[in-house]
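A short write-up of the structure that comes next.
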Amino acid sequence: MRTLTAALLLGLMAGSALAQDRAELDRTQIIGNRELPKVLYIVPWKKPVPGELAGRPVEGVLDEALAPLDRDVFRRQLHYERVLQAPASPAAAPAR
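In case it helps, mature numbering (1 follows the signal peptide of the UniProt record, and there is no 0) puts the sequence shown at residues -19 to -1, 1 to 77.
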């Protein structure tokens, strides 16, 4: 009978000891200034590199491809391409 009473008493004491470990925390409430508008300012933390280009390029690749050709310049480019693609042997290349 004594062991039963001792066990019951220890059980009740352990329950009250666990209840004492519980801490009550106050709730935190953060309220900002309601008069200011809700705006996000993104500020760079570093200055941009001088070589970076901003915006669209002045002339695009498409504009260059659709530009009118000069006849003499175009023929000269074709001649250079033929010379570069020709075999390297001296007998095959005609002299001008």
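Don't be surprised by glycine CBs; every beta carbon is placed ideally from N, CA and C.
Roughly how many angstroms lie between the CA atoms of Tyr22 and Val42, to the nearest whole one? 35 Å
Taking the continuous alpha helix (DSSP H) assigned at Glu62, which residues delimit it? Arg52 to Gln66
Quick one: what does DSSP say Val42 is sitting in, helix, strand or coil? helix
Is Thr(-15) helix, strand or coil by DSSP? helix
Whole-angstrom distance between Pro68 and Phe55, CA atom to CA atom: 22 Å
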